[in-house]
Amino acid sequence: MSANWVEVCAADEIDEEDVIRFDHEGRTFAVYRSPEDEYFATDGLCTHEQIHLADGLVMDDIIECPKHNGRFNYKTGQAKGAPVCVNLKTYPVKVEAGSVFIAIS
Amino acid sequence: MTHIVIVGAGECGARAAFALREKGFDGDVTLIGAEPHHPYERPPLSKDGLAGAEPPKYVAAPERYEEVGITVLTGAMAEAIDRGRKTVHLSGGRSIGYDRLLLATGARPRTFPGVSEGAARIRMLRTHADALAIRAALAPGRRLAVVGGGFIGLELAATARKLGAEVVVVEGLPRVLSRAVPEEIAAIVAERHRAAGVEIVCGARIAAIEDGGDAARVLFADGGSLAADLVVVGIGAVPNTDLAEAAGLTIDNGIAVDETLRTSDPDILAAGDCCSFPLSHCGGRRVRLEAWRNAQDQGTLAAANLMGGAERIASVPWFWSDQYELTLQIAGLADGAAATVRRAMDDGAFILFHLDGDGRLIAASGIGPGNAVARDIRLAEMLIAAGSRPDPAALASPETKLKKLLAA
Ligand SMILES: Cc1cc2nc3c(=O)[nH]c(=O)nc-3n(C[C@H](O)[C@H](O)[C@H](O)COP(=O)(O)OP(=O)(O)OC[C@H]3O[C@@H](n4cnc5c(N)ncnc54)[C@H](O)[C@@H]3O)c2cc1C
Ligand code: FES
């Protein structure tokens with residue numbers, strides 16, 4: 001299956017160790033820039049309740065949900081403990097010509 | 001094989017049980033709960049969950065317990081602890097031996113004097129069953145009187161308005177949320193309720209609450225009265241300490257524990273809403289919290305210490321409340337603050353930072369639409385935990401990232 005690469009934003013629009021929300025065709029994603037200056041993407045909503053993770057706090061490789069502080073590793077999507085127990089879906093990311101793209105399946 | 005028994009299958013008990021397995025405990029774990037359900041989350045009961053969720057929002061899917069080897073006894077009341085024989089006696093005559101015991105018995109709503117338990121039109125809100133009964137009585141045009149302008153009462157008022165009910169909130173003190181929230185924030189909450197059509201009566205002196213069969217009545221000391229289809233009393237909670245007290249454990253505004261959650265019996269720990277503990281950020285002052293994350297954090301900590309650890313309580317109190325589109329979050333305890341710094345944010349959101357006499361950040365209270373204040377409250381919580389003394393001007397300036405202050 002060929003990947004459907006979608007442009008998110010300019011690479012410098014996301015601060016280091018931060019996250020932005022990206023909406024596309026009725027879906028919502030969270031796109032991250034790690035402290036090591038790498039980019040990642042996950043589903044935009046927490047798996048506990050339908051809350052936008054982009055309002056949360058990024059610390060190292062963790063995104064913390066703003067609502068009840070559920071934690072996920074945004075690089076792997078893994079839920080890191082109560083109250084979240086369902087992992088986040090992750091998406092491939094690439095940076096080309098100063099722009100961030102994610103592959104939406 | 002070591003047997004750990006947990007009395008109280010709420011947020012805290014459930015979290016402790018799972019944490020034991022996550023930490024690799026390989027003995028027996030039994031979770032005993034008086035309610036008919038597996039552990040569920042209470043916060044939704046006064047929020048959107050009141051709108052009729054069945055089953056309740058479980059802390060974990062019921063089958064998860066069996067998968068990791070946790071025996072759950074629902075509908076089972078622990079009636080006595082025999083500390084000499086290390087045995088818990090349950091309703092129905094059954095007894096269970098333990099090596100270590102965790103009491104996570106939670107709290108129950110404070111009752112209004114003179115109200116009989118069976119009054120159909122006068123209710124309280126703590127359990128899923130309570131929420132279902134209240135939900136059934138609410139409909140467009142029905143009149144709800146909430147006695148008590150605390151978090152649960154106000155959240156219920158907001159939810160009831162969404163369901164179309166007419167709502168009046170009756171508070172005895174001069175303003176709502178006077179226990180835990182700065183005046184400026186409480187005023188915004190009250191204003192939002194009024195805008196939604198909720199009537200708020202403060203400074204009320206209630207003489208009695210009566211169920212007259214066809215209507216309930218709140219009777220005031222000045223002779224006035226107020227009729228409603230349903231009265232919900234939300235005037236605080238009292239810790240469930242009877243079991244511990246009868247077993248001879250020390251009680252002090254809750255089951256008294258040390259900073260490792262041990263009671264006066266080293267083989268018995270207590271955690272969550274039922275216990276009082278020394279809070280190191282507040283100079284070791286003994287506090288009891290009624291907060292969801294505290295129940296989780298202490299459940300996790302209890303698991304480590306039931307396995308022989310001696311970890312100390314380190315988390316900062318944290319609380320949230322949702323009313324309409326507004327979310328309020330509080331980190332730390334603001335009493336004892338000498339100065340307050342205000343940080344204005346987008347969309348009318350703001351945070352009040354509370355500093356003690358030495359300039360140490362001890363609490364932060366914020367309110368705004370959606371999750372506008374969440375990230376900064378979380379960072380404030382970390383600043384509090386670090387014992388930091390941030391520059392007040394930096395706190396007040398929305399341009400200064402709190403993350404920078406934390407790194408400093
Ligand atoms: C309507 C409502 C809304 C809330 N909203 C929020 C919120 O927005 N934010 C927030 O931070 N907190 C909120 N809370 C508080 C939060 O839910 C509590 O802090 C949390 O549930 C405490 O967990 P716990 O396990 O210590 O106690 P509980 O949840 O009370 O659980 C204790 C359990 O033990 C059982 N039990 C007691 N004695 C015995 C016995 N002898 N034998 C067997 N079982 C026993 C009880 O039946 C109960 O099921 C809310 C609470 C309510 C009621
Ligand atoms: S909504 Fe994310 S932790 Fe609850």
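Going down the list, the protein sequences come from chains A and B.
Going by full-length UniProt numbering, the first sequence opens with residue 1, and the numbers climb by one from there.
Going by full-length UniProt numbering, the second sequence opens with residue 1, and the numbers climb by one from there.
Quick reminder that beta carbons are idealized off the backbone N, C-alpha and C, glycines included.
In this text, all values refer to a predicted model and were calculated from it rather than measured experimentally.
Taking a 10 Å sphere around the C-beta of Glu183 of chain B, we find fewer than 16 other C-beta atoms and assign the residue as exposed. What Asn87 of chain A touches in chain B, judged by beta-carbon distance under 7 Å, is nothing: the nearest beta carbon there is about 15 Å away. Met382 of chain B sits in a helix when the DSSP states are folded into three classes. Judged by DSSP in its simplified three-state form, Tyr91 of chain A adopts strand.
Secondary structure note for Arg343 of chain B: its beta strand (DSSP E) is the uninterrupted segment Ala339 to Ala344. Contact with chain B is found for Glu64 of chain A, since one of that chain's Cβ atoms lies less than 8 Å from the residue's Cβ. Neighbours of Asn294 of chain B across chain A, judged by C-beta separation under 9 Å, do not exist; the nearest C-beta is about 12 Å away. In terms of beta-carbon proximity, Leu45 of chain A stays away from the interface with chain B, with every pair separated by 8 Å or more. When Cβ pairs closer than 8 Å are counted between the two stretches, the stretch 110–125 of chain B is seen to touch the stretch 204–222 of chain B, the count reaching three or more. Residues of the stretch 377–390 of chain B with a C-beta less than 8 Å from any C-beta of chain A: Arg378 and Leu379, listed in chain order. Apart from sequence neighbours up to five positions away, the residues of its chain that approach Ile251 of chain B with a beta-carbon distance below 6 Å are Thr241 and Glu245, ordered along the chain. Under the Cβ criterion (8 Å, minimum of three pairs), the stretch 39–58 of chain B counts as touching the stretch 125–137 of chain B. Under the 8 Å criterion on CB atoms, Ala131 of chain B is classed as non-interfacial with respect to chain A.
Residues lining ligand 2 by the Cβ criterion, that is a Cβ closer than 6 Å to any of its heavy atoms, are A:Cys46, A:His48, A:Glu49, A:Ile51, A:Cys65, A:Lys67, A:His68, A:Gly70, A:Pro83 and A:Val84 in chain order.
Beta-bridge pairing by DSSP links Asp26 of chain B to no other residue.
Approximately 14 Å separates the beta-carbon atoms of Pro36 of chain B and Gly92 of chain B; this is outside 8 Å, ruling out the contact.
Separation of Asp335 of chain B and Val86 of chain A (C-alpha to C-alpha, rounded to the nearest whole angstrom) is 38 Å. Chain A places no beta carbon closer than 8 Å to that of Asn305 of chain B, leaving this residue out of the contacts.
With the rule of 3 Cβ pairs closer than 8 Å, the stretch 229–238 of chain B counts as touching the stretch 114–126 of chain B. In this structure, Thr105 of chain B has its beta carbon less than 7 Å from a heavy atom of ligand 1. At least one heavy atom of ligand 1 lies closer than 7 Å to the C-beta of Glu35 of chain B.
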